[in-house]
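First comes the structure, then the notes that go with it.
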Amino acid sequence: MKVDPGGQALNRSGLPTPRHAVPLAGQPAASGFADLHLHTVFSDGTYTPEQLAAQARRHGLRAVALTDHDAVEGCRPTALACRQDGVEFIPGTELTTEASGDELHLLGYFVDPDHPRLLEELARFQAVRQNRIREMVERLNRLGIPLQAEAVFALANCRSPGRPHIARALVQAGFCASLDEAFQRFLKRNRPAWVPKFKASASEAIELLHQAGGLAVLAHPGLTRSDVFIPELVEAGLDGLECYHVKHSAPATEYYVRTAIGLNLLVTGGSDCHGFSKGKPVMGTVKLPYAHVELLKARAAECRQAMAMPPATAWGL
Ligand code: AMP
Ligand code: FE
Ligand code: FE
Ligand code: ZN
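So the sequence shown is numbered by my numbering: it starts at 22 and just counts up by one.
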């Protein structure tokens with residue numbers, strides 16, 4: 022987002038952006054709730070698209086977004102499953118990026134899952150993930166743990182594998198008693214099997230998400246203490262902040278909602294549910310008032326129109 026000399030926010034088409042009446046945390050929702058941060062088997066979650074849709078329906082959610090790590094392959098099947106269960110679906114992804122050496126996660130909403138450049142870049146990120154799995158397994162082998170990379174890939178069964186898949190393989194093969202033990206002993210940053218990962222810069226990732234017709238939102242800012250990066254991300258075109266998150270306290274949520282309003286950013290939120298791969302499923306514990314989804318859709322439509330792109334629904338969902 023750019024700001025004109027008079028201090029008024031300008032959108033990407035150079036027009037002043039209206040200050041919407043944003044509902045505050047804790048206010049009653051006019052019409053339902055959404056969960057805009059969910060993972061499936063297409064990254065490190067355990068839910069299939071059908072299971073995700075069924076759970077969303079069970080929790081009475083009006084809308085969900087799929088945000089698999091560095092992946093969009095799950096969008097189409099999840100959209101179909103959600104349609105069958107009467108839940109509104111928003112295509113998305115969660116990109117692992119960095120700013121000044123710190124890892125930042127960027128959520129992309131309404132990206133076109135067939136966009137050629139997005140798919141090209143995601144394929145690169147996925148190749149980095151696959152190579153990193155091999156390197157981490159080699160480290161485990163050197164530590165005397167005879168795990169095979171192929172076993173991890175077979176278990177992951179997706180293009181965007183991550184450390185939770187290695188953790189699951191370690192538990193399944195009996196080398197660790199729990200996923201947490203696998204992370205604590207081997208996989209956490211600076212533990213013996215951990216390998217750093219190449220990451221795209223956050224500003225490049227914002228540009229990529231925009232090119233693919235999407236909006237860019239900073240994921241769980243309260244987790245990464247990434248407040249210091251917010252001004253430069255806004256300068257790079259950041260559209261929103263994930264204010265509601267399973268690991269944000271109520272005061273943190275309130276703080277980020279106010280920060281978002283102050284910066285004329287969209288407010289999003291979700292449970293970051295990974296099914297059973299991080300303990301127990303947390304879908305239903307974070308409820309974003311649906312009014313925010315309407316604002317998100319309006320902004321996405323406005324941006325796509327400014328870029329002469331068809332509406333986000335045009336890819337047949
Ligand atoms: P990666 O993308 O390969 O770096 O793996 C990151 C994923 O590992 C994220 O989904 C994290 O939430 C997850 N993760 C980090 N620590 C743990 C843990 N102790 N137990 C389970 N999952 C974890
Ligand atoms: Fe994850
Ligand atoms: Fe994340
Ligand atoms: Zn996530």
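From the three backbone atoms N, C-alpha and C, an ideal C-beta is built for every residue, glycine too.
Please read all numbers here as calculations on a predicted model, not as lab measurements.
Any heavy atom of ligand 1 closer than 7 angstroms to the Cβ of residue i?
i                 : result
histidine 241     : no
threonine 117     : yes
leucine 287       : no
phenylalanine 146 : no
aspartate 201     : yes
alanine 188       : yes
lysine 299        : yes
phenylalanine 204 : yes
Examine ligand 2 and report whether any of its heavy atoms sits within less than 7 angstroms of the Cβ of residue i.
i             : result
aspartate 260 : no
Over the uninterrupted beta strand (DSSP E) stretch that includes residue i, give me the two end residues.
i                : result
alanine 84       : 84–87
histidine 126    : 123–130
phenylalanine 54 : 54–59
tyrosine 265     : 261–266
valine 238       : 236–239
glycine 113      : 113–120
valine 62        : From DSSP, valine 62 is part of no beta strand (DSSP E); its letter is neither H nor E.
Please indicate yes or no: does the CB of residue i lie closer than 7 angstroms to some heavy atom of ligand 3?
i             : result
histidine 126 : yes
What are the start and end residues of the alpha helix (DSSP H) that includes residue i?
i             : result
threonine 245 : 242–245
cysteine 103  : 96–106
valine 307    : Where valine 307 is concerned, there is no enclosing alpha helix (DSSP H), given that its DSSP letter is neither H nor E.
alanine 365   : Residue 365 is absent from the structure shown; the chain starts at 22 and stops at 338.
threonine 280 : 271–283
leucine 287   : No alpha helix (DSSP H) holds leucine 287; the beta strand (DSSP E) holding it covers 287–291.
alanine 148   : 137–163
valine 255    : 251–256
Ligand 4 and residue i: does the residue's C-beta get closer than 7 angstroms to at least one heavy atom of that ligand?
i             : result
aspartate 293 : yes
histidine 58  : yes
threonine 114 : no
threonine 69  : no
threonine 306 : no
threonine 88  : yes
Since residue i contacts residue j with CB under 8 angstroms, what's their CB separation in whole angstroms?
i              : j           : result
arginine 180   : alanine 92  : 6 angstroms
isoleucine 111 : alanine 84  : 6 angstroms
alanine 223    : glycine 243 : Between glycine 243 and alanine 223 the Cβ distance is about 17 angstroms, and since that is not below 8 angstroms, they are no contact.
methionine 157 : alanine 214 : 5 angstroms
glycine 261    : leucine 286 : 5 angstroms
proline 332    : alanine 319 : That belief does not hold up - the Cβ atoms of proline 332 and alanine 319 are roughly 12 angstroms apart, past 8 angstroms.
histidine 266  : valine 307  : 7 angstroms
task = With a cut-off of 7 angstroms, give the chain-ordered residues whose Cβ is closer than this to any heavy atom of ligand 2.
result = Output, sorted by chain position: His60, Ser64, Asp65, His90, Gly183, Pro185, His295.
ask   = Along the chain, which unbroken stretches of the alpha helix (DSSP H) at least 4 residues long are found entirely within the region 171–233?
value = You should have 184–193, 200–203, 223–232.
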